[in-house]
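All letters in the sequence shown, in the order written, are residues 57 to 351 by the numbering used here.
In this text, a Cβ means the ideal position worked out from N, Cα and C, and glycines have one as well.
Okay, so here's the structure we're looking at.
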Amino acid sequence: MNTLGQPAEQDQYLQIQPPQGQVYANLQIGMASDPGCLRPQNEDSGLAWNLTLAQHGQSPLSVGLLLVADGMGGQASGAEASSLACRLAARHVMQEICLPLLHDAEPYSMAPINDVLESAIHIAHEAIQHQFPGAGTTITMALLLGDGVYVAHVGDSRAYLGLRGRLRPITRDHSMAARLVEIGGATGEEAAGQRNVLYKAVGQGVSVEPDVLYRDLPPGAYLMLCCDGLWSHVGDDEISAIVDAAIAPGAACQELVSRAKEKGGEDNITVILAAREWPLPDPEDGQWAVGSSGP
57 MNTLGQPAEQ
67 DQYLQIQPPQ
77 GQVYANLQIG
87 MASDPGCLRP
97 QNEDSGLAWN
107 LTLAQHGQSP
117 LSVGLLLVAD
127 GMGGQASGAE
137 ASSLACRLAA
147 RHVMQEICLP
157 LLHDAEPYSM
167 APINDVLESA
177 IHIAHEAIQH
187 QFPGAGTTIT
197 MALLLGDGVY
207 VAHVGDSRAY
217 LGLRGRLRPI
227 TRDHSMAARL
237 VEIGGATGEE
247 AAGQRNVLYK
257 AVGQGVSVEP
267 DVLYRDLPPG
277 AYLMLCCDGL
287 WSHVGDDEIS
297 AIVDAAIAPG
307 AACQELVSRA
317 KEKGGEDNIT
327 VILAAREWPL
337 PDPEDGQWAV
347 GSSGP
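As structure tokens, then:
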């Protein structure tokens, strides 16, 4: 039984095992990004890449890499920081995980995936500090491989797992508001004024340690990455309903951006959706046990 929405800290990061089930092909991906209604420039960046490889009579292997980043630092520096983080992190993952597949490497004989994802974010962190001092960015990165997804995360952009009619975040916000709620120092409403204050960001501070986690991606599930310009305006239930009704991942992303703008669009808005099947099938009874606690 798969559990959706359990706290990230429960994952045994150093014991991540390669997927053992069916290897799925034909990953479907959609993305949309918009400056919103009030900001003159879009400081978000996003990246979506998909490789499907069939060789030696084996079943096709699908690899997907998704990233969203929300830059900070004002005008060009925030946009440059988020763009640099996406490009450098993606390049490192492709070099260490994706390109070896084209050189006949066994899919799961490469460097440990969690180590590669952590290193990718460290590389981006050091580059931003060197090239754009004072700037920073969030980053949420997902590698879909086989029947699972590996996520590395810094900041308050989010990764969600969804099933028709159900949606749960699987990452933890690195904001002062979320931290105050976690330690019991405030309610969500009381801490709302600290929501835009991050205690962890790529490019800021001496070092950065990302959260890294693994989740199963069962048949019928989808993965969504988004910056706070979406989730701060559109609630989980509304996001789920929009995705369920969409004719394709790209259409869902466009509708989510439109809905966030209808509700004020005070920030830049970026969202990526990926699924093995579309339209989303109805879930089987008991397919997922939805955890009562969240990240």
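Next on the checklist: Going by C-alpha to C-alpha distance, which of V264, S118 and V124 sits closest to I177?
Outcome noted: V264
Next on the checklist: Ignoring anything shorter than 4 residues, give me the alpha helix (DSSP H) runs that lie fully in the region 256-299, in order along the chain.
Outcome noted: 284-287
Checklist entry - Which class does P337 belong to by DSSP, given the choice of helix, strand or coil? => result coil
Next on the checklist: Taking the beta carbon of L103 as the centre, do at least 16 other beta carbons fall within 10 Å, making it buried, or is it exposed?
Outcome noted: buried
Item to check | CA-to-CA distance, G211 to G221, given in whole angstroms | outcome: 27 Å
Checklist entry - Which same chain residues, not among the five before or five after L140, have their C-beta less than 7 Å away from its C-beta? => result Closer than 7 Å at Cβ, skipping near neighbours: A180, A183, I184 and Q187.
Checklist entry - For M197, which beta-bridge partners are listed by DSSP? => result L123 and A208
Checklist entry - Ends of the beta strand (DSSP E) at D171? => result D171 -> not in any beta strand (DSSP E); alpha helix (DSSP H) instead, spanning I169 to Q187.
Item to check | Entirely enclosed beta strand (DSSP E) segments - the region 100-159, minimum 3 residues | outcome: 100-109 and 117-128
Next on the checklist: How far does the alpha helix (DSSP H) with P305 in it extend, from its first residue to its last?
Outcome noted: P305 to E318
Item to check | Per-residue DSSP class, three states only, for A191 | outcome: When secondary structure is reduced to three states using DSSP, A191 falls in the coil class, being assigned neither helix nor strand.
Checklist entry - Does the Cβ-Cβ distance between E99 and A145 come in under 7 Å? => result no
Checklist entry - Hey, how far is the Cα of A302 from the Cα of L219? => result 13 Å
Next on the checklist: DSSP has A215 in a bridge; who is on the other side?
Outcome noted: L281
Next on the checklist: Closest to G259 by C-alpha separation, out of V253, S231, P189 and G202, would be which residue?
Outcome noted: The shortest Cα separation from G259 among V253, S231, P189 and G202 belongs to P189.
Checklist entry - CA-CA distance, D300 and L336? => result 7 Å
Item to check | A330 in three-state terms, based on DSSP | outcome: Residue state, collapsed to three classes: strand.
Checklist entry - Among G113, D323, D338 and P156, which has the Cα closest to the Cα of Q97? => result Among G113, D323, D338 and P156, the Cα nearest to that of Q97 is on D323.
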